[in-house]
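Q: Can you keep this structure in mind? I'll have questions shortly.
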Amino acid sequence: MYISVVIPTYNRKPILEKCLKALEKQEFDDAIIDNYEVVLVDDGSTDGTLEWLKENEQVFSHVCCFSQDHLGPAAARNLGVNKAKGDTIIFIDSDLVVTETFLQCHAGALIKGEKELGSDRLFTYGAVINTCNFDDPTSEPYKITDFSAAYFATGNVAIARKWLEKVGLFDTSFQLYGWEDLELGVRLKQLGLKLIKCPEAVGYHWHPPFNLAQIPNLIDKEIQRGRMGVLFYQKHPTFEVRLMIQMTLLHRILWGILSLGGRLNERTLAPILQWLIDQGKPQLALEIARIFLNWYNVKGVYSAYQEMVKN
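Just so we're aligned, residue 3 is where the sequence shown starts under this note's numbering, counting upward by one.
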């Protein structure tokens, strides 16, 4: 098995360094993994990422770097797959720091899953643990909020290259934030691929500690996610997709009630959010902020859907 780890990146140089260093320290059984490479695609970074990689290319012997204009993660991952040499593709994000047995765990789970299923129509999905600990991200324990019910998400997934090529890779019309990976997952499910959970393949997803200055950007992402959710629904007009993108009456009622019809918002909740941050509980503050963030998402979905119907 030859593994290509495909990573899109955009202006994440500090955490990217930790991501790439962790991938250089991989320990694996040569009888299972022949070799591996890290295919990094820079999506038009302006923070000196490419210059830094050029200066440190001898440190990252497994990294092959490519670049493109700022076209988004879907186009970046497609370029990465097209440039990859491996028969097995692992997708992670550039703010993910993995353990030393990461590749071995995915490879072992793929082989075991194929034997148990009697078929190679499968992919493995590793664990993603969220952390804001930049100095030691892998020290973060698993939390209930780290659970994901997603079928296919590119934060930590391994799949045979041939299945990606068969479904046609990522849809680059998803140019705003969200859903391009789950949309690909719908097409993979239609091919009959089975999800194999691989919790031993752990990745630690770093993000800066939550603060109030991040809120406008987070709101914008939720509105973008709503618009891309409607594009997702246009491609796959099923009730399952409506549930995924929160385009149901249940979601309107749920987040409408929880946000008191939008009265609990970034302005009215700012004092309690700041108090929690001051108490050293930024993650709890972020979870509370999701009350109004989800309300923005639901409103964004319905706004985009009404625009689609009108047009």
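Glycine residues also receive a C-beta, built at the ideal position from the N, C-alpha and C atoms. On a predicted model such as this, the values are computed, not experimentally measured, just so you know.
Do Val300 and Val204 have their C-beta atoms closer together than 8 Å?
A: Start at 1 with the first residue of the sequence shown, and residue 300 comes out as number 298. Start at 1 with the first residue of the sequence shown, and residue 204 comes out as number 202. Against a cut-off of 8 Å, the Cβ pair of Val204 and Val300 comes out as no contact.
Q: Closest to Ile221 by C-alpha separation, out of Lys117, Ser63, Gln28 and Ala291, would be which residue?
A: Taking the sequence shown and counting its residues from 1, one reaches residue 221 at position 219. When only C-alpha atoms are compared, the closest one is Ala291.
Q: Tell me which residue opens and which closes the beta strand (DSSP E) that Asn37 is part of.
A: By one-based count along the sequence shown, residue 37 stands at place 35. Run containing Asn37: Asn37 to Asp44, per the beta strand (DSSP E) assignment.
Q: Under 8 Å, do Asp173 and Ala155 count as touching if we go by C-beta distance?
A: The sequence position of residue 173 within the sequence shown is 171, counting from 1. The sequence position of residue 155 within the sequence shown is 153, counting from 1. No, the Cβ-Cβ distance between Asp173 and Ala155 is not below 8 Å.
Q: Consult DSSP for Trp208 and reduce its assignment to one of helix, strand or coil.
A: Here residue 208 refers to the residue found at position 206 when the sequence shown is read from its first residue. The answer is strand: DSSP assigns Trp208 an E or B state.
Q: For Glu142 versus Ile131, is the C-beta distance shorter than 8 Å?
A: Position 140 of the sequence shown holds residue 142. Position 129 of the sequence shown holds residue 131. Closer than 8 Å, so yes.
Q: Select from Ile198, His207, Val169 and Lys199 the residue whose C-alpha is nearest the C-alpha of Leu190.
A: For the purposes of this step, residue 190 is taken as residue 188 along the sequence shown, with counting starting at 1. Selected option, being the one with the closest Cα: Val169.
Q: Where His64 and Asn37 are concerned, what is the direct C-alpha to C-alpha distance, given to the nearest angstrom?
A: Numbered from its first residue, the sequence shown carries residue 64 at position 62. Numbered from its first residue, the sequence shown carries residue 37 at position 35. Cα to Cα, the separation comes out at about 10 Å.
Q: Specify, as a first and last residue, the run of the beta strand (DSSP E) that Gly128 falls within.
A: What you label residue 128 is simply residue 126 of the sequence shown in a count that begins at 1. That run of the beta strand (DSSP E) goes Leu124 to Thr133.
Q: Count the other CB atoms, across all protein chains shown, that sit within 10 Å of the CB of Asn158; report buried if there are 16 or more and exposed otherwise.
A: As a first step, residue 158 is located in the sequence shown; it is residue number 156 there, counting from the start. Label assigned to Asn158: buried.
Q: Using a Cβ-Cβ cut-off of 8 Å (strictly less than) and excluding sequence neighbours within five positions of Tyr298, which residues of its own chain qualify?
A: Start at 1 with the first residue of the sequence shown, and residue 298 comes out as number 296. Correct list, in chain order: Ile221, Glu224, Ile225 and Gly228.
Q: Going by C-alpha to C-alpha distance, which of Gly231, Asn13 and Gln216 sits closest to Gly180?
A: One-based indexing of the sequence shown puts residue 180 at position 178. Out of Gly231, Asn13 and Gln216, Gly231 has the C-alpha closest to the C-alpha of Gly180.
Q: Can you give me the C-alpha to C-alpha distance between Ala160 and Asp32, rounded to a whole angstrom?
A: In the sequence shown, counting from the first residue as 1, residue 160 sits at position 158. In the sequence shown, counting from the first residue as 1, residue 32 sits at position 30. Separation of Ala160 and Asp32 (C-alpha to C-alpha, rounded to the nearest whole angstrom) is 18 Å.
Q: What's the C-alpha gap between Leu266 and Phe294?
A: The residue given as residue 266 occupies position 264 in the sequence shown. The residue given as residue 294 occupies position 292 in the sequence shown. The C-alpha of Leu266 lies about 7 Å from the C-alpha of Phe294.
Q: Which residue marks the beginning of the beta strand (DSSP E) containing Phe68, and which one marks its end?
A: Taking the first residue of the sequence shown as 1, we reach residue 68 at position 66. Segment Val65 to Ser69, the beta strand (DSSP E) holding Phe68.
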